[in-house]
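So in the numbering used here the end of the sequence shown lands on 179, straight run, no missing numbers. Think of the CB as a built atom: it goes at the ideal place given N, C-alpha and C, for glycine as much as any other residue. All of these numbers come straight from a predicted model, not from anything done at the bench.
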Amino acid sequence: MQNFWATWTSVSRPICRGKLFGSLKPSKKKLGQHYRQLSCTALFPRLQIHYWASFAQQRGIQLECGQGHIFTRGTQRLIPQAGTVMRRLISEWSIVQMVSDLGLVNVHLMASPCEEDADHRLDSLVKKTHLLSLSSLAYQRHSLRTAAEEVAFPGGHTHNTHTHTHTTPTPCIVR
Numbered sequence: 005m006q007n008f009w010a011t012w013t014s015v016s017r018p019i020c021r022g023k024l025f026g027s028l029k030p031s032k033k034k035l036g037q038h039y040r041q042l043s044c045t046a047l048f049p050r051l052q053i054h055y056w057a058s059f060a061q062q063r064g065i066q067l068e069c070g071q072g073h074i075f076t077r078g079t080q081r082l083i084p085q086a087g088t089v090m091r092r093l094i095s096e097w098s099i100v101q102m103v104s105d106l107g108l109v110n111v112h113l114m115a116s117p118c119e120e121d122a123d124h125r126l127d128s129l130v131k132k133t134h135l136l137s138l139s140s141l142a143y144q145r146h147s148l149r150t151a152a153e154e155v156a157f158p159g160g161h162t163h164n165t166h167t168h169t170h171t172t173p174t175p176c177i178v179r
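Printed below as a string of structure tokens:
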């Protein structure tokens, strides 16, 4: 407990590194700097997302889908900062590939007549308007460039979206 209190109450010393201080010894790499490429896959039996686009006006969107998967791959570029004092490298991530395949997609617009409190749940008060239903939705995005070219010159992607409708969307009025 004393160490914790000392950390919060005492003034910390600056770390004297770099040309200015005559110490050019490089610091250890942080864990996130060891990765150049990272990929992630999410498989799920059911997915439901609520997104409030305007918290003040209580308007949002709800996405529900059945079984599906999402895959993404990104590359990291570490950019040194200018100056004589050694600073942490700037990490810049770029998505080079994204693939998603979702089944039984339903999209609803949501609106709430009252402002949300922390004390009660909003689910029973939300008015939902059906916007779109699809039996499947597939999206693919691949970079046409290498990871180094992607970071230097953004753009140059191919996008493919495939949808299959199983019901006719009902008309809705958005105000």
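Would SER147 be called buried (16 or more neighbouring beta carbons within 10 Å of its own) or exposed? Within the sequence shown, the letter at position 143 stands for residue 147. Here SER147 is buried, its C-beta having at least 16 other C-beta atoms within 10 Å.
Please confirm if ALA142 has its CB atom under 9 angstroms from at least one CB of chain B. Given the protein chain composition of this structure (a single chain), no chain B is represented.
Reducing DSSP to helix, strand and coil, say where LEU93 ends up. Within the sequence shown, numbered from 1, the residue matching residue 93 stands at position 89. Three-state DSSP puts LEU93 in coil, outside helix and strand.
Fully enclosed by the region 16-61, which beta strand (DSSP E) runs are 3 residues long or longer? 41-48, 51-58
Taking the alpha-carbon positions, what's the MET114 to ALA60 distance? Here residue 114 is taken as the residue at index 110 of the sequence shown, counted from 1. Here residue 60 is taken as the residue at index 56 of the sequence shown, counted from 1. Rounded to the nearest angstrom, the two C-alpha atoms are 13 angstroms apart.
Boundaries of the beta strand (DSSP E) in which CYS69 is found, first to last residue: Taking the first residue of the sequence shown as 1, we reach residue 69 at position 65. 63-69 is the span of the beta strand (DSSP E), which, as asked, contains CYS69.
Tell me the DSSP secondary structure of ASN7 in three-state form. Counted from its first residue, the sequence shown places residue 7 at position 3. ASN7: helix per DSSP, three-state reduction.
Between SER43 and THR76, how many whole angstroms is the CB-CB distance? I'm expecting something under 8 angstroms. Here residue 43 corresponds to residue number 39 of the sequence shown, with the count starting at 1. Here residue 76 corresponds to residue number 72 of the sequence shown, with the count starting at 1. About 7 angstroms separates the CB atoms of SER43 and THR76; that is less than 8 angstroms, so the two are in contact.
Going by the DSSP bridge assignment, what does GLN101 pair with across the sheet? Position 97 of the sequence shown, counted from the start, is the residue given in the question as residue 101. DSSP, once it has assigned bridges, lists ARG77, HIS146 as partnering GLN101.
In whole angstroms, what separates the C-alpha of ILE94 from that of LEU138? Position 90 of the sequence shown, counting from 1, holds the residue named residue 94. Position 134 of the sequence shown, counting from 1, holds the residue named residue 138. Each residue's Cα considered, the two are about 41 angstroms apart.
I'd like to know whether the C-beta atoms of LEU106 and LEU129 end up nearer to each other than 9 angstroms. Here residue 106 is taken as the residue at index 102 of the sequence shown, counted from 1. Here residue 129 is taken as the residue at index 125 of the sequence shown, counted from 1. No, Cβ-Cβ distance for LEU106 and LEU129 is not below 9 angstroms.
Among ASN110, TRP97, ARG92, GLN71, the one whose alpha carbon lies nearest that of PRO30: Counting from 1 along the sequence shown, the entry for residue 30 is found at position 26. Comparing Cα positions, the closest option is ARG92.
Exposure of THR79, with buried meaning 16 or more beta-carbon neighbours within 10 Å: Within the sequence shown, the letter at position 75 stands for residue 79. Buried.
Determine the closest residue to SER104 out of THR45, TYR39, HIS134, ARG40, with distance taken between C-alpha atoms. If you number the sequence shown from 1, residue 104 lands on position 100. Nearest option by C-alpha distance: THR45.
Just checking my contact of CYS69 with VAL109 at CB under 8 angstroms: how many whole Å lie between their CB atoms? Residue mapping note: residue 69 aligns to position 65 of the sequence shown, counting from 1. Residue mapping note: residue 109 aligns to position 105 of the sequence shown, counting from 1. 5 angstroms between Cβ atoms; contact.
Kindly indicate which residue of GLY22, HIS38, GLN71, ILE53 has the alpha-carbon position closest to the one of ILE65. In the sequence shown, counting from the first residue as 1, residue 65 sits at position 61. Closest by alpha carbon: ILE53.
Quick one: is HIS112 buried, meaning 16 or more other Cβ sit within 10 Å of its Cβ, or exposed? By one-based count along the sequence shown, residue 112 stands at place 108. Result: buried.
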